[in-house]
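Below you'll find the structure, written out as structure tokens, and then a few comments.
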Amino acid sequence: MTKLHSQEVIVNAPCKTAEKWLMDRNNIITNLPFVVGIKGDEITLKFNRMGLFSYKDVFTVELGLIGRDFIEYKLKAKASLLEIMFSLSQGAKDCSIKVMLKYVGEKEWIAGKALPIIGDGIAKTIKDQIKEEQNSPFTGIDFGNLDLGKISDVSKILLKSKLERSESVNVSPNLAVYLENQFTDLAKYPVVYISGLGEGISFRVLMLNGEFKGVYINDGNAEIRDETALNNVKGQFKVNVYVYLTAVNKKRLEGQK
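The sequence shown lines up with residues 87 to 343 when you count with my numbering.
Okay, here's the thing in structure tokens:
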């Protein structure tokens with residue numbers, strides 16, 4: 087059986103900014119209602135109805151159709167399909183985003199009823215996190231005071247960054263050693279941002295001129311911003327490495343040390 091839902095959200099930002107944010111799968115799945123587990127390209131969703139009935143399944147996340155002002159994600163389980171679609175329309179000063187959801191499967195009477203909640207959750211996240219870039223060509227970012235736990239702060243970095251590499255790696259002996267090797271390889275770039283998604287854990291790290299300027303780890307139970315915690319993280323991760331493209335003002339960075 088099939089269930090549909092759609093709603094609209096307007097953000098005070100160009101559609102190109104919204105599109106870049108929406109194209110980052112982590113922004114979607116980590117903020118999705120009903121998520122109870124994340125492992126690589128798979129997420130576990132658990133739906134409840136009236137406190138009596140529930141449906142829990144593992145969905146594989148795929149990027150579907152990508153077109154002009156259109157983005158689609160497909161979440162596939164054995165007997166269920168959840169499609170999350172975004173249609174963008176540029177206005178004079180803002181971007182209108184239509185959020186469309188489609189569930190197909192035998193659990194429509196449970197999961198289908200949750201579509202409005204999912205839509206509200208996605209719309210709220212979009213409204214809160216996608217902001218218009220109001221900064222200078224250097225973007226006016228105060229790198230030393232960014233909170234990597236906030237998607238809005240992370241977006242400021244990604245807007246002027248290039249994806250240098252994306253890989254699935256077994257981080258060993260720990261995340262600190264892996265990151266040190268990455269930063270050594272990319273020493274020519276003054277600003278390097280690395281994010282990773284593993285089984286029940288994610289991390290974000292910002293390095294400026296060879297020094298840690300931000301650390302964020304979420305293990306599902308707590309949010310950690312202590313650099314020393316990197317020594318305790320290991321395992322299989324999908325890692326994205328970004329390099330900041332705009333020239334960094336040396337005096338500005340030195341003043342933050």
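Think of the CB as a built atom: it goes at the ideal place given N, C-alpha and C, for glycine as much as any other residue.
Asked                                                                                                                                                 : Found
Give me the residue from G150, S173, N318, K142 with the minimum Cα distance to A200.                                                                 : K142
Can you say whether P276 is buried or exposed, counting buried as having 16 or more other CB atoms within 10 angstroms of its CB?                     : buried
Pair every Cβ in the stretch 145-161 with every Cβ in the stretch 195-210, then say whether three or more of these pairs are closer than 8 Å.         : no
Any contact of the stretch 145-153 with the stretch 119-131, i.e. 3+ C-beta pairs under 8 Å?                                                          : yes
Grab me the residues of G284's own chain with a C-beta within less than 7 Å of its C-beta, minus the 5 sequence neighbours each way, in chain order.  : G321, Q322, F323
Identify whether Y275 lies in helix, strand or coil by the three-state DSSP scheme.                                                                   : coil
Kindly indicate which three-state DSSP category F269 falls into: helix, strand or coil?                                                               : helix
Among residues of its own chain, excluding the 5 on either side of E192, which ones have a beta-carbon nearer than 6 Å to its beta-carbon?            : A165
Assuming N113 is part of the beta strand (DSSP E), what are its boundary residues?                                                                    : It is not in any beta strand (DSSP E) - N113 instead sits in the alpha helix (DSSP H) that spans 111-115.
Once the 5 residues before and after K274 are set aside, which same chain residues still bring their CB inside 8 Å of it?                             : none
Could you tell me the distance, in whole angstroms, from the CA atom of V240 to the CA atom of D233?                                                  : 8 Å
Straight-line CA distance for K179 to M171?                                                                                                           : 23 Å
Would you be able to state if there are at least three C-beta pairs under 8 Å between the stretch 132-141 and the stretch 245-252?                    : no
Using 10 angstroms around the beta-carbon of N113, count the other beta-carbons present and answer buried if the total reaches 16, otherwise exposed. : buried
From F269 to V291, what distance separates their C-alpha atoms?                                                                                       : 11 Å
Hey, how far is the Cα of A163 from the Cα of D228?                                                                                                   : 42 Å
Comparing C-alpha positions only, which one of I196, D312, D271 sits nearest to G296?                                                                 : D271
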